[in-house]
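A.B. asks: Quick one: this structure, given as structure tokens, is what I'll be asking you about.
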Amino acid sequence: MKNPVIGAINGVAITGGLELALACDILIGSTNASFADTHARVGVIPGWGLSQHLSRLIGISRAKELSLTGNFLPASSAVSWGLLNRVVTPAELLPAVKKLAKDIASIDPDMVQRYNRSVVWICDEVGEGDRCAR
């Protein structure tokens, strides 16, 4: 994606839904949000890069805990683990996402796209995904 993608999570993001969430550049969740990776429970290897994206974002040990148990991670833990950028009430979720999108849209679009690409490129090139994920 050229432009940053902001994800708004207001419920459960399980397995494929978690993979879609991980594809976003910025994630904001409501207090109703929770996350789970059930690939191992159902005997399926993730196909959209979840094992790589998740471990880069929250660290290898936490990614293993989440993926090898299939347990749910509530929004309060997801924000402290670095999976969510912030947590808001359900009523505040869409206004918060719209405000963030408006703030980003106030920057020169070419600069936003170049900057967004450069962060991804640097993370991939130096292999420091755990320090520069998303």
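Going by the working numbering, the sequence shown opens with residue -14, and the numbers climb by one from there.
For glycine and all other residues, C-beta sits at the position ideal for the given N, C-alpha and C.
1. Using C-beta distances below 6 Å, list every residue in its chain close to methionine 96, excluding the 5 sequence neighbours before and after it, in chain order.
2. If we count Cβ pairs, one from each stretch, closer than 8 Å, do we get three or more for the segment 55 to 66 versus the segment 81 to 94?
3. Alpha carbon to alpha carbon, what distance is there between serine 65 and histidine 24?
4. With 16 as the cutoff for other CB atoms within 10 Å, does alanine 118 come out buried or exposed?
5. Which residue from Asn(-12), Leu69, Ala86, Val27 puts its Cα closest to that of serine 19?
6. What distance in whole Å lies between the Cβ atoms of aspartate 22 and leucine 51, which are believed to be in contact at a cut-off of 8 Å?
7. Identify every run of the alpha helix (DSSP H) within the segment 12 to 44, keeping only runs that are complete inside it and at least 4 residues long; order them along the chain.
8. Following the continuous beta strand (DSSP E) through valine -10, name the residue where it begins and the one where it ends.
9. Cutting at 6 Å between CB atoms, please list the residues of its own chain near arginine 26, excluding the five before and the five after it.
10. Once the 5 residues before and after alanine -7 are set aside, which same chain residues still bring their CB inside 7 Å of it?
C.D. replies: For this structure:
1. If you number the sequence shown from 1, residue 96 lands on position 111. If we look at methionine 96 and ignore the five residues flanking it on each side, it has no Cβ neighbours.
2. no
3. Position 39 of the sequence shown holds residue 24. Position 80 of the sequence shown holds residue 65. Distance between the alpha carbons of histidine 24 and serine 65: 23 Å.
4. Here residue 118 corresponds to residue number 133 of the sequence shown, with the count starting at 1. Only weak support is given to the placement of alanine 118: the predicted model assigns it a pLDDT of 47, under 50, and the question is left unresolved by the model.
5. The residue you call residue 19 lines up with position 34 of the sequence shown. Closest option to serine 19, Cα to Cα, is Leu69.
6. In the sequence shown, residue 51 corresponds to position 66, counting from 1. In the sequence shown, residue 22 corresponds to position 37, counting from 1. About 5 Å; that satisfies the 8 Å criterion.
7. 24 to 27, 35 to 43
8. Here residue -10 refers to the residue found at position 5 of the sequence shown. Note, valine -10: premise wrong, no beta strand (DSSP E); not H, not E.
9. Here residue 26 is taken as the residue at index 41 of the sequence shown, counted from 1. Same-chain partners within the cutoff: Gly55.
10. For this step, residue -7 is matched to residue 8 along the sequence shown. Excluding positions up to five away in sequence, the list reads Ile13, Leu78, Leu79, Val82.
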